[in-house]
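Here the structure is laid out as structure tokens; the discussion comes afterwards.
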Amino acid sequence: MAEKVLMKGNEAIAEAAILAGCRHYFGYPITPQTEIAAYMAKKMPKIGGTFLQAESEIAAINMVYGVSSTGKRVMTSSSSPGISLKSEGLSYLAGADLPALVVNVQRGGPGLGGIQPSQSDYFQATRGAGHGDFRMIVLAPASVQEMAELTVKGFELADEYRMTSLILADGTMGQMMEPVSLDITVKPQPEKPWAVTGTKCARFHNSINSLSLVPEELEKFNSDRYERYAKVEANEAMAEEYMVDDAEVVIAAFGIAARVSKNAVNEARKQGIKAGLIRPITLWPFPKEVFADAAKHAKAFISVELSMGQMIEDVRLSTRCRVPVTLCNRAGGMIPSPEQVLAAIKQANGGEA
Amino acid sequence: MAVVFQKPKALADIPMHYCPGCTHGIIHRLVAEVIDELGIEGKTIGIAPVGCSVMAYNYFTCDMIEAAHGRAPAIATGVKRSDPENHIVFTYQGDGDLASIGMAETVHAAARNENITVIFVNNAIYGMTGGQMAPTSLPGQITQTSPYGRDPKLCGYPIRVCEMLSQLEGPEYLERVTVNSVANIRKAKKAIKKAFQNQIDGKGFSLVEVVSSCPTNWGMTPQAALKWIDDNMIPYYPLGVYKDRTAEQEAAK
């Protein structure tokens, strides 16, 4: 059994990134993710890497674009308002088919919002991170261990599919401390013949570009990209299922909401209610099949979220509205209690709330 | 027979899209000649802007990147820092790109003395979008979005980039040149070569501002546009070296 160390979620991300071979980090301070930058500022100079505090989130994501263009693993991290600023760069990364790892340790919004945990950037992450047709691989850790593991996985998927992997965490995941094993296997990095590293006067020049003024060509670039996205959807969807096999009431929850919900499921089972939990680990691709299967035997779904209800749309789509889906939520930095979730389970089961 | 004039190797053999009389072609050529003369084509990575020179990524034979509007210095920072020993990095940017939407990226790359070369083409107008007011449009200059002439009371004064950046401790070298005569083109090439040589020598941020023309959107013949540079642009944007740290240090010895 590998040795475990006690780490904050944000630090686990930073350490796992280094483990994955990332030697370039660019960021801008924003609560509640600044520990990632602080960790990188300490560590990178000692291992021959680059830590640079950028003048803005916009500059940081473009520095990421620059390093990624040269084929190296690179990351940035921020929290909700900062991710909005990065959205221009996220679109350009997608348009140029560049891999990158971006971390969003979410806080409540909209606007400046607050600094307490939230999941209200779900739409932004899974639907509209920027202009144009594109997707990001969205990974939702629910423990400090997963913060580390999904960071490594995020780099690998980004390289494999030439797209951005986004870690969609929240303030609790970033701040809480848990024992972590960093004995994580990292796959060898793939070749990147498209990278700009200088032609050495030995090949035709490479160009990293998202401009295409001929509509037929631009359409084809989009179609090719969506073929890749289809492969991601077919191969990479991940979810944890907890007591789902015979469940009549199924909770959908990710991140901290899933941990709260697991307690409520345990309590419901004690009280004789057949409750279960599906925890999407990838929010895009959304684990549709798992939900479609559960909809065959469940009589109700509950989406538990730290938002005004965003993932609930994907739950309804994946269950094809065969069974009712209700929302159990808190917003603005508040977290639902196990009691609140248990009450929602009882109500969905046909009893008194 | 001896060849006395030919296309630089670093310039691709494809037609450019620039308007007749545009000076981008001259400036591209100067950059390419310098790359050839310094023998750095194989390790150079160029970064094209958004604006008229957006398709510069097709015109140079070195590796190229197309940037988001104004972000070239940030991308250049990433490219340079990914392999400082082996990458020679230049950005090629217009006035809207560098001095308006990308001003923060410009100032901070200069303040960090980022070891990159910036070619800043200032023609006092947004050419690609059809001739709107730029951060460098002159007072009184008529453009699509200043149809009664640029009124400083309404929209402020044009920005003198070299003068502004020269106030920073960071940058190594700032010079303003123009390309409206053979003599000036020769001086411009010298400045561009120095800006690349500085990077090779590890000296840091070097920016050459090239005052240029836009006959199409200025509504002039190419010849009249070159004269307009002398009569109107140069008085507001005086040519010369605004910062040369190495020369200053030498002089202080």
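Heads up: the sequence lines are chains A and B, in that order.
In terms of my numbering, the first sequence has 43 at position 43, counting the first letter as 1, and numbering is strictly consecutive.
With positions in the second sequence counted from 1, the corresponding number in my numbering is that position plus 1000.
All C-beta atoms in this analysis are idealised placements derived from N, C-alpha and C, irrespective of residue type, glycine included.
Please state the DSSP three-state secondary structure of F221(A). Of the three classes helix, strand and coil, the one that applies to F221(A) here is helix, per DSSP.
According to DSSP, simplified to helix, strand and coil, what is D170(A)? DSSP places D170(A) within a strand segment (E or B) once states are collapsed to three.
Do R162(A) and L98(A) count as a contact pair if the criterion is CB distance below 9 Å? In contact: L98(A) and R162(A) (Cβ atoms closer than 9 Å).
Determine the chain A residues that contact G1094(B) at a beta-carbon separation under 9 Å, and present them in chain order. Simply none; closest approach about 15 Å.
Starting from R1186(B), trace the alpha helix (DSSP H) in both directions and tell me its first and last residue. For R1186(B), the enclosing alpha helix (DSSP H) starts and ends at V1182 to I1200.
Taking any Cβ of chain B, which residues in the stretch 205 to 223 of chain A have a Cβ under 8 Å from it, in chain order? So the list reads H205, N206, S207, I208, N209, S210 and L211, given in the order they occur along the chain.
Less than 9 Å between CB atoms is the rule here; does S89(A) satisfy it with respect to chain B? Just to set this straight, residue 89(A) is Gly in the shown sequence, not Ser. Interface with chain B (9 Å Cβ-Cβ cutoff): G89(A) is included.
If G1096(B) and P1135(B) are in contact, beta carbons under 8 Å, what's the gap, nearest whole angstrom? A Cβ-Cβ separation of about 7 Å places G1096(B) in contact with P1135(B) under the 8 Å criterion.
Output yes or no for whether 9 Å exceeds the beta carbon distance between T164(A) and L85(A). Note that the C-beta distance between T164(A) and L85(A) is not below 9 Å.
Of all the options I1047(B), T1145(B), K1190(B) and S1213(B), which has the alpha carbon lying nearest to the alpha carbon of L1154(B)? Selected option, being the one with the closest Cα: T1145(B).
Determine the DSSP secondary structure at R1029(B), reduced to helix, strand or coil. Taken through DSSP and simplified to helix, strand or coil, R1029(B) comes out as helix.
CB-CB under 8 Å to M176(A), same chain, minus the five flanking residues each way: which ones, in chain order? Within the same chain, Cβ atoms closer than 8 Å to the Cβ of M176(A) are found at K8, G9 and V144, the five residues on either side in sequence being excluded.
Among residues of its own chain, excluding the 5 on either side of Y1059(B), which ones have a beta-carbon nearer than 8 Å to its beta-carbon? Here Y1059(B) has L1011, A1012, I1014, M1016 and H1028 as same chain residues with Cβ atoms under 8 Å from its own Cβ, once five neighbours each way along the sequence are excluded.
Give me the Cβ distance between L1174(B) and Y1242(B), rounded to the nearest whole Å; I'm assuming they're in contact under 8 Å. Taking a contact as a CB-CB distance under 8 Å, the pair L1174(B) and Y1242(B) counts as one, their CB atoms being some 4 Å apart.
Contact set between N1086(B) and chain A, taken where Cβ atoms lie within less than 9 Å: Residues of chain A passing the Cβ test: T197 and G198.
In whole angstroms, what is the alpha-carbon distance linking K1193(B) and I1035(B)? The alpha-carbon atoms of K1193(B) and I1035(B) are separated by roughly 8 Å.
Quick one: does L52(A) have its CB under 9 Å from some CB of chain B? With its beta carbon less than 9 Å from one in chain B, L52(A) belongs to the interface.
V325(A) and A343(A) - do their beta-carbons sit closer together than 9 Å? With contacts defined by Cβ atoms closer than 9 Å, A343(A) and V325(A) do not form a contacting pair.
What runs of the alpha helix (DSSP H), each 4 residues or longer, lie entirely inside the stretch 55 to 84 of chain A? Entirely contained in the stretch 55 to 84 of chain A, the alpha helix (DSSP H) runs reaching 4 residues are, in chain order, 57 to 69.
Does any C-beta atom of chain A lie closer than 9 Å to the C-beta of M1055(B)? Contact with chain A is found for M1055(B), since one of that chain's Cβ atoms lies less than 9 Å from the residue's Cβ.
Determine whether the Cβ of F26(A) lies closer than 9 Å to any Cβ atom of chain B. So yes, F26(A) belongs to the interface.
Going by alpha carbons, who is nearest to S91(A) out of P141(A), A298(A), P193(A) and G130(A)? Comparing Cα-Cα distances from S91(A) to each of P141(A), A298(A), P193(A) and G130(A), the minimum goes to G130(A).
Positions along the stretch 1035 to 1049 of chain B whose CB lies within less than 7 Å of some CB in chain A: Of all residues in the stretch 1035 to 1049 of chain B, only E1041, G1042, K1043, T1044 and I1045 come within less than 7 Å of chain A when Cβ atoms are compared, listed by chain position.
Of the listed residues I58(A), R73(A), S120(A) and E339(A), nearest to V265(A) (C-alpha basis): Selected option, being the one with the closest Cα: E339(A).
Using a Cβ-Cβ cut-off of 9 Å, state whether I976(B) counts as contacting chain A. Lying before the first or after the last residue shown, residue 976(B) is absent from chain B, which here runs from 1001 to 1253.
Three-way DSSP call (helix, strand, coil) for D293(A) in this model: In the structure shown, D293(A) sits in a helix (DSSP, three-state: H, G or I).
Burial state of Y1157(B), where buried means 16 or more other Cβ atoms lie within 10 Å: Under this definition Y1157(B) is an exposed residue.
Helix, strand or coil at Y1237(B) according to DSSP, with G and I counted as helix: Here DSSP, grouped into helix, strand and coil, assigns Y1237(B) to coil.
Tell me which residue opens and which closes the alpha helix (DSSP H) that D314(A) is part of. According to the DSSP assignment, D314(A) belongs to the alpha helix (DSSP H) that extends over I312 to S318.
Taking the alpha carbon of G357(A) as the point to measure from, which residue in K220(A), A41(A) and P32(A) has its own alpha carbon closest? With chain A running from 1 to 353 in the structure shown, residue 357(A) is simply not present.
Can you tell me whether G167(A) is buried or exposed, with buried defined as 16 or more other CB within 10 angstroms of its CB? According to the sequence as given, residue 167(A) is Ile; it is not Gly. That one is buried.
My assumption, with CB atoms under 8 Å, is that N1115(B) sits in contact with Q1199(B). Please give the rounded CB distance. Right, their Cβ atoms sit about 6 Å apart.
Cβ pair count under 8 Å reaching 3, the stretch 23 to 40 of chain A against the stretch 71 to 78 of chain A: A contact exists between the stretch 23 to 40 of chain A and the stretch 71 to 78 of chain A.
Could you name the residues that DSSP lists as bridge partners for F1205(B)? None; F1205(B) has no bridge partner.
Inspect the beta-carbon positions of I1075(B) and G66(A) and report whether they are closer than 9 Å. Contact flag set, yes.
Whose C-beta lies closer than 6 Å to the C-beta of S223(A) among residues of the same chain, with five residues either side of it excluded? Leaving aside the five residues that flank S223(A) on each side, none in its chain has a CB nearer than 6 Å to its CB.
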